[in-house]
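Chemist:
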Amino acid sequence: MVLAETLYYLSESGLAELLDKLSHDNRVYLCAGEELEYRIAPAEASGPGPWRFSAVRAVEPLKSLLFAARQDVSSLSPVPQVILGAKACDLASLRIMDHVFLGGDFQDPDYKARRDNLLIISGDCTDAKDVCFCTFLGAKPYPESGYDLNLSPLSGGYVVQVGSDKGTGLIESNSGLFQPAKQDQLAQRDKNRADLTAKVERQVKAGGLTFQDRLDKLVGRGSPDVELWTRNASTCVECGACNFICPTCHCFLLSDMEDRSGFKRFRNWDSCQYKNFARVAGGANQRPRRAQRLHTRFEKKFKFFPDRLGQIACTGCGRCVEACLGKIDMREVLKELAR
Ligand code: SF4
Ligand code: SF4
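FYI, in the working numbering the residues of the sequence shown are 31 to 369.
1. Tell me whether W259 sits in a helix, a strand or coil according to DSSP, three-state version.
2. L355 to L239, Cα distance in whole Å?
3. If we count the other Cβ atoms within 10 Å of its Cβ and call it buried at 16 or more, is P139 buried or exposed?
4. Near ligand 2, which residues have their beta-carbon closer than 7 angstroms to a heavy atom?
5. With a Cβ-Cβ cutoff of 9 angstroms, do I150 and V112 count as a contact?
6. Thinking D160 and Q233 are a contact (beta carbons under 8 angstroms), I'd like their distance in whole angstroms, please.
7. CA-CA distance, A143 and D255?
8. Does at least one heavy atom of ligand 1 sit under 8 angstroms from the Cβ of M287?
9. Please confirm whether any heavy atom of ligand 1 lies closer than 8 angstroms to the CB of K331.
10. On a CA-only basis, which of C272, T260, C164 is nearest G237? Give me that one, please.
11. Tell whether a beta-carbon distance below 9 angstroms holds between Q303 and L284.
12. How far does the alpha helix (DSSP H) with Q218 in it reach, from first residue to last?
13. So, with DSSP's three-state summary, where would you put L49?
14. Taking the alpha carbon of R82 as the reference point, which residue from E352, G187, E366, V363 has its own alpha carbon closest?
15. Within its chain, find whatever has a CB closer than 8 angstroms to the CB of Y141; leave out the 5 residues flanking it on each side and keep chain order.
16. Skipping 5 residues on each side, what residues in its chain have a beta carbon closer than 7 angstroms to that of F282?
17. For a test of the three-state rule: what should DSSP assign to C350, helix, strand or coil?
18. Look at the Cβ atom of A158, then the Cβ atom of P173, and state whether they are nearer than 9 angstroms.
19. Mind the definition here: the segment 267 to 276 touches the segment 346 to 363 only if three or more C-beta pairs lie below 8 angstroms; say whether that holds.
20. Taking C-alpha atoms, which residue in C155, Q316, R320, T36 lies nearest to A228?
21. If you follow the alpha helix (DSSP H) that I201 is part of, which residue opens it and which one closes it?
22. From the DSSP output, read off the bridge partner residues of P183.
23. What's the C-alpha gap between I201 and R369?
24. Tell me whether A343, by its Cβ, gets closer than 8 angstroms to a heavy atom of ligand 1.
25. Please tell me whether V112 has its Cβ less than 9 angstroms away from any Cβ of chain D.
26. Measuring straight from C-alpha to C-alpha, what distance separates R361 and D50?
27. Could you name each continuous alpha helix (DSSP H) segment of 4 residues or more that falls completely within the segment 296 to 351, going from the start of the chain to the end?
28. Whose C-beta lies closer than 8 angstroms to the C-beta of N22 among residues of the same chain, with five residues either side of it excluded?
29. Any idea what DSSP makes of I126, helix, strand or coil?
30. Can you look up E174 in the DSSP assignment and give me helix, strand or coil?
31. Tell me whether G168, by its Cβ, gets closer than 8 angstroms to a heavy atom of ligand 1.
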């Protein structure tokens, strides 16, 4: 009998055995890579070898496994997937995605099928990128919920925490690989977590993110500071990278195409930073100016979602900071707003 609150130890070779077994029936993705090569890459692409996940989040957001950049939605064919090493910030983004695609009167059948068929074996961060600012938003660099199993790396193995019935079932059916965690292993995990949290907090503070203001008040709809948004949006080239790389951005366009087999309907990621994003029939456009669109992106993340879901739709992953061709840094805009 596996108890959800029980903590286990899994050796590196035990993890390899578990993942090799899972890869028979699942497409297994690994949050892996070095330096700027962090990707969610199919394990088969990197060949057999240790299933060692990266110290920090991947470049590619977790949403790609559930909501592809371009997807034929006229035929449903999701395959069971496993993600190994997903980080806390990406797990936080799934709550937003679940709300959008599953939380209303209509559930998106493709997203639901993929979500139901996704096994999440997450992992603690063991380092931070210089753009990470999760602790500023009240999060931690290790998962606290949203996973089936979570792995906290130690030398030679992992402390394993169970987060769902799926995770419990996985341990029960592979019980020979898991041992109860020892006190010294738990102490090492807690020390690693505290050290990294302190490192991210120092980085956040050194970057000037020290204010306590409520972000929904800073970016709320109330009379936006036109000069501030105009100045910050002046370098935007409307590439959409900030939206596409963001784990919580979810807007899409549908387009129909005909090929030899008949009509197909595709769902493609869309960007609220595109000039015609808000254009409606007849040609009217609510947000023709870049400043309006940049403000809308912030307003959606820091006001709209907190009002509706009680959660900021930004995880502090820093991906948009790295991706922006216009060098628009979300942290700097927030600092300006707080001044
Ligand atoms: S807005 Fe930027 S920092 Fe926030 S979750 Fe999206 S990509 Fe990450
Ligand atoms: S990534 Fe930067 S330049 Fe590209 S659309 Fe977003 S804000 Fe504009």
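Each residue gets a CB set at the ideal place from its N, CA and C atoms; glycine is no exception. Just so you know, these numbers come straight off a predicted model, no measurement behind them.
Modeler: Looking at the coordinates:
1. W259: helix per DSSP, three-state reduction.
2. 23 angstroms
3. exposed
4. Taking each Cβ in turn, the ones that pass are T265, C266, V267, E268, C269, G270, A271, C272, N273, S301, Q303, L324, C350, A353, C354, L355, G356, I358.
5. yes
6. Contact flag correct, Cβ pair sits at about 7 angstroms.
7. A143 and D255 have their alpha carbons spaced roughly 43 angstroms apart.
8. no
9. yes
10. C164
11. no
12. 213 to 236
13. helix
14. G187
15. L96, F97, M127, F131, L132
16. Same-chain partners within the cutoff: R297, N298, W299, D300.
17. Helix.
18. no
19. yes
20. The alpha carbon of A228 has as its nearest neighbour, out of C155, Q316, R320, T36, the alpha carbon of C155.
21. 195 to 202
22. Secondary-structure assignment with DSSP links P183 through a beta bridge to Y188.
23. 51 angstroms
24. In this structure, A343 has its CB closer than 8 angstroms to one or more heavy atoms of ligand 1.
25. Chain labels in this structure do not include chain D; a single protein chain is all it has.
26. 41 angstroms
27. 320 to 329, 335 to 339, all fully within the segment 296 to 351.
28. With the chain covering only 31 through 369, there is no way to say anything about residue 22.
29. helix
30. coil
31. no
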